[in-house]
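First to last, the protein sequences are chains Y and R.
Residue numbers for the first sequence, in my numbering: 24 to 177.
Residue numbers for the second sequence, in my numbering: 24 to 177.
The beta carbon of each residue, even a glycine, is placed where N, CA and C say it ideally should be.
Please read the structure below before turning to the comments.
2 protein chains.
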Amino acid sequence: MLKVGRLADYAVLILHHLGRMRPARLAMDSIAEVTHLPLPTVRKVMKYLVDADLVISKRGPNGGYQLARPPAQVSLAEAIAAVEGPLALTECCSAQGNCEIHDRCDLADRWPGVNAIVVKVLERTSLADLDRFGRHEPHVPPPLRELMAPVRHL
Amino acid sequence: MLKVGRLADYAVLILHHLGRMRPARLAMDSIAEVTHLPLPTVRKVMKYLVDADLVISKRGPNGGYQLARPPAQVSLAEAIAAVEGPLALTECCSAQGNCEIHDRCDLADRWPGVNAIVVKVLERTSLADLDRFGRHEPHVPPPLRELMAPVRHL
DNA sequence: CAATTGTATACCCCGTTAGTATTGAATGCG
DNA sequence: CGCATTCAATACTAACGGGGTATACAATTG
Numbered sequence: 024m025l026k027v028g029r030l031a032d033y034a035v036l037i038l039h040h041l042g043r044m045r046p047a048r049l050a051m052d053s054i055a056e057v058t059h060l061p062l063p064t065v066r067k068v069m070k071y072l073v074d075a076d077l078v079i080s081k082r083g084p085n086g087g088y089q090l091a092r093p094p095a096q097v098s099l100a101e102a103i104a105a106v107e108g109p110l111a112l113t114e115c116c117s118a119q120g121n122c123e124i125h126d127r128c129d130l131a132d133r134w135p136g137v138n139a140i141v142v143k144v145l146e147r148t149s150l151a152d153l154d155r156f157g158r159h160e161p162h163v164p165p166p167l168r169e170l171m172a173p174v175r176h177l
Numbered sequence: 024m025l026k027v028g029r030l031a032d033y034a035v036l037i038l039h040h041l042g043r044m045r046p047a048r049l050a051m052d053s054i055a056e057v058t059h060l061p062l063p064t065v066r067k068v069m070k071y072l073v074d075a076d077l078v079i080s081k082r083g084p085n086g087g088y089q090l091a092r093p094p095a096q097v098s099l100a101e102a103i104a105a106v107e108g109p110l111a112l113t114e115c116c117s118a119q120g121n122c123e124i125h126d127r128c129d130l131a132d133r134w135p136g137v138n139a140i141v142v143k144v145l146e147r148t149s150l151a152d153l154d155r156f157g158r159h160e161p162h163v164p165p166p167l168r169e170l171m172a173p174v175r176h177l
């Protein structure tokens, strides 16, 4: 668990393909084809991506979608947030958080710290990073190298 | 989004309290009281925690639950996994992952790397860490300090 | 103006989450 | 030995949200 929704997953995949094409445009049905996703689903995802200014759309013949920025400047955090809204591990972490217990919960103000770190990891991983790293190798951006050392407790 | 389920959230809260009591035992209704959670819900959570060997239970008069290890040796990853199963951002990341697209998805083997990092963060954050850090201050375990620097791209 | 392509809305189904109730088993004490 | 206490196991229900689909609309281009 701790899943990202499928639509967000799709979004990353689509962005990845748009990145490889950039700056060329890709029509919606082409996207559906190349990603092997059903077209109606692609429609829904594209709306999110346009609204979040991650892709630029053009209508009419020879229209389609184009990644708004170089892949190195699009983070996974943005991609996920475009579809699912701000990243928040728990209710306490979200802006309009409405947790029943909040007032009397000892951890209500501790979670945001944990959340911040997870978000940072996703912010520091770009579409280009996804591309760069080998298959099944753990992706480790430079500032995170130490993370992969054996865990200290347990 | 990127939420952790409420039950997992509860689990962490409960573990936190058990940690503060350790090595004393705490009965289920006491747990419900101190956490302000409904008792039937606590019942459900406790089952997960026992099955995962994170707490030890004792029956009969003066029974109750006890944290199995010192709080510094219980990670958030374990707590969450106890309730929700192995952490997996996407289908590709889980053992029995059954993703429709998997064979033809260009990212199927990239996600696990990202997942690994997120998991590491949660593995490196213990119950004790939650306790140690001040309110609303981002919690930053030593090997993660560099993370909080400004993001490089975007 | 007509073909192409994206936009917007509204709908529904299904799974999961979360909350609850009930009955059963173990422990310890007098 | 038996009763009080406390955890264990199972099964059920309600509700919400994710995700998939259909359909009608608007813009651009040649």
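For R/S117, the secondary structure class from DSSP, reduced to helix, strand or coil, is coil. Taking the Cα positions, Y/N121 is about 30 Å away from Y/M69. Taking all protein chains in view, the Cβ of R/P94 is crowded by 16 or more other Cβ atoms within 10 Å, so the residue is classified as buried.
By alpha-carbon distance to R/L41, the top candidate from R/V144, R/D126, R/I79, R/N85 is R/I79. Nearest in C-alpha terms to R/A104, of all of R/D126, R/H39, R/D74, is R/D74. For Y/A50, the CB contacts under 6 Å within the same chain, skipping 5 residues up- and downstream, are G87 in chain order. Around the beta-carbon of Y/E114, 16 or more other beta-carbon atoms lie within 10 Å, marking it buried. For R/E107, the chain Y residues whose C-beta falls within less than 8 Å of its own C-beta are M24, L25, listed in chain order.
Interface residue (Cβ-Cβ distance to chain Y less than 8 Å): R/D52 is not classified as such. Burial is judged here by how many other beta carbons sit within 10 angstroms of a residue's own beta carbon; R/D32 has at least 16 and is buried.
Straight-line spacing of the CA atoms in R/P61 and Y/R48 works out to 54 Å. Counted as a single uninterrupted DSSP element, the alpha helix (DSSP H) harbouring R/L99 occupies residues 99 to 107.
Note on the segment 33 to 88 of chain Y: whole alpha helix (DSSP H) runs with a minimum of 4 residues are 51 to 58, 62 to 74, in chain order. Residue state for Y/L90 is assigned as strand, using DSSP reduced to three classes. Residue contact with chain Y for R/G28: present (Cβ-Cβ distance below 8 Å to some residue of chain Y). One alpha carbon belongs to R/V141, the other to Y/P84, and they sit about 43 Å apart. By the neighbour-count criterion, in which 16 or more other beta carbons inside 10 Å mark a residue as buried, R/R133 falls on the buried side. Within chain R, the C-beta atoms nearer than 7 Å to that of Y/H59 come from I124, R127, in chain order. Annotation: the continuous alpha helix (DSSP H) that includes R/G136 extends over 134 to 146. Across the structure, R/A139 and Y/T148 are spaced so that their CA atoms are roughly 13 Å apart.
Taking C-alpha positions only, R/V27 is separated from R/H39 by approximately 17 Å. From the listed residues R/K67, R/K81, R/Q96, the smallest Cα separation to R/D154 is found for R/Q96. Within the model, the alpha-carbon separation for R/L150 versus Y/I124 is close to 19 Å. Using a Cβ-Cβ cut-off of 8 Å, R/R133 counts as an interface residue toward chain Y, since at least one Cβ of chain Y sits closer than that to its own. Here the alpha carbon of R/L72 sits roughly 18 Å from the alpha carbon of Y/L130.
Within 7 Å of the CB of R/L153, the CB atoms of chain Y belong to L130, R133, in sequence order along the chain. With respect to chain R, the C-beta atom of Y/T64 has no partner C-beta closer than 8 Å.
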